[in-house]
Amino acid sequence: MDLSIVVPVHNEAGNLAVLQKEIIEAMAKTGFEYEIIYVDDASSDSSGQILKGLVEEDQKVKVISFERNRGQSEALLAGFKNSQGRWILTLDADGQNPPEDFSQFIPFCQSYDFITGIRKNRKDRFIKKASSWVAKIFRRLVLGDTTEDTGCSLRMFKREIIETISDLRNFHRFFTFLVRLQGFSVKETYVQHRQRQSGQSNYRTWGRLWQGWFDLWSLYRLKKRMARHEVINQR
113 MDLSIVVPVH NEAGNLAVLQ KEIIEAMAKT GFEYEIIYVD DASSDSSGQI LKGLVEEDQK
173 VKVISFERNR GQSEALLAGF KNSQGRWILT LDADGQNPPE DFSQFIPFCQ SYDFITGIRK
233 NRKDRFIKKA SSWVAKIFRR LVLGDTTEDT GCSLRMFKRE IIETISDLRN FHRFFTFLVR
293 LQGFSVKETY VQHRQRQSGQ SNYRTWGRLW QGWFDLWSLY RLKKRMARHE VINQR
């Protein structure tokens, strides 16, 4: 199989039908053999029922359902572990990233292991954009992370990456940094970003900031340990 599309879902009932249609239309232009894996992160709306309907309509669709909310990183991991594609594409269920934009990644697949988007003219609330800007500054200061947009969910990467980075925990925001840390090649490219058509973001800004601080220092310690290990091996 060429491609596995992994989509975490939490209370996105109003966006799923349109997203599914757009994914099918985008994939029809590629000729790829693909699967779509939706991971329902304990949605309390009708997302679960809609996903069951998508499975009945399209044999390419798989659904994984959590009984309790585990967060985006766990949802992604579950999708990765149940995927079969040589390449994996991740996409949020809110519809803000048009699925068709992944076609911009395809020309880079021969030269890079991991391709990720940079949201152009980002359509988010000011507080969300401001918190991302502050977080980016601290990532660069603490980790030396040069990733332009860690919050863009539109990413495409080789299967070997998930076999090397087997446990994201809460590190989905640092995914690109972890990939670089393991020595994989990364390409960043601009993609579209749209207004959310239905519902609202299911992540609290302050909660994201506090968790981000904890994850930042955890990764700082990991980077230091890896550097020490590399020095020892060179002796």
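Here the sequence shown is numbered in this note's numbering, starting from 113 and rising by one per residue. All C-beta atoms, glycine included, are put in the ideal place defined by N, C-alpha and C. This structure is a prediction, so every number in the text was calculated from the model and none was measured.
{"query": "For L189 and F269, the rounded distance between their alpha carbons", "result": "14 Å"}
{"query": "C-alpha gap between V173 and V151, whole angstroms", "result": "11 Å"}
{"query": "Straight-line Cα distance separating D170 from N233", "result": "33 Å"}
{"query": "Anticipated Cβ contact below 8 Å, S155 with V130, distance rounded", "result": "The Cβ separation is near 17 Å, so there is no contact."}
{"query": "Where the alpha helix (DSSP H) containing G160 begins and where it ends", "result": "S159 to E169"}
{"query": "Three-state class that DSSP yields for W318 in the structure shown", "result": "Any reading at W318 is ruled out, since the residue's pLDDT is 49, under 50, leaving its predicted position unreliable."}
{"query": "Every unbroken beta strand (DSSP E) within the segment 218 to 285, with a cutoff of 3 residues, ordered by chain", "result": "226 to 231 and 267 to 270"}
{"query": "Option nearest I135 by Cα separation, candidates A187, Q222 and I148", "result": "I148"}
{"query": "Same chain, Cβ closer than 8 Å to I162, five either side skipped, listed in chain order", "result": "A125, L128 and A129"}
{"query": "DSSP-derived helix/strand/coil call for G143", "result": "coil"}
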